[in-house]
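Structure first, then comments.
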């Protein structure tokens with residue numbers, strides 16, 4: 031068992047978790063901004079369109095981070111000999 035490889039993968043996994051948490055927080059912020067923009071009487075179309083694009087990009091970042099985390103966890107489990115359920 032290669033403990034150095036395992037520790038490097040665990041460190042990378044921690045970085046991906048931080049990235050996922052940051053992207054999730056940004057997504058919540060963009061969604062709140064979108065709600066605020068839509069409540070204004072003269073709706074600023076450019077701001078709403080920009081916020082919608084930011085939400086879409088942030089969702090893709092969250093999806094990618096989740097996928098990488100799942101792959102890292104699976105690889106770590108196989109290195110450690112833990113059977114996945």
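Numbering (our numbering), first residue to last: 31 to 115. The beta-carbon is built from N, C-alpha and C at its ideal position, and this holds for glycine as well.
- Pairwise C-beta distances place the region 35 to 44 in contact with the region 96 to 113, as three or more of them are shorter than 8 Å.
- Residue 99 is not a Cβ neighbour of residue 57, given a cutoff of 9 Å.
- In this structure, the straight-line span from the alpha carbon of residue 71 to that of residue 81 is close to 17 Å.
- Spatial neighbours of residue 96 in its own chain (CB-CB distance under 7 Å, excluding positions within 5 residues in sequence) are listed in chain order as 50.
- When the Cα atoms are used, residue 78 and residue 44 turn out to be separated by approximately 33 Å.
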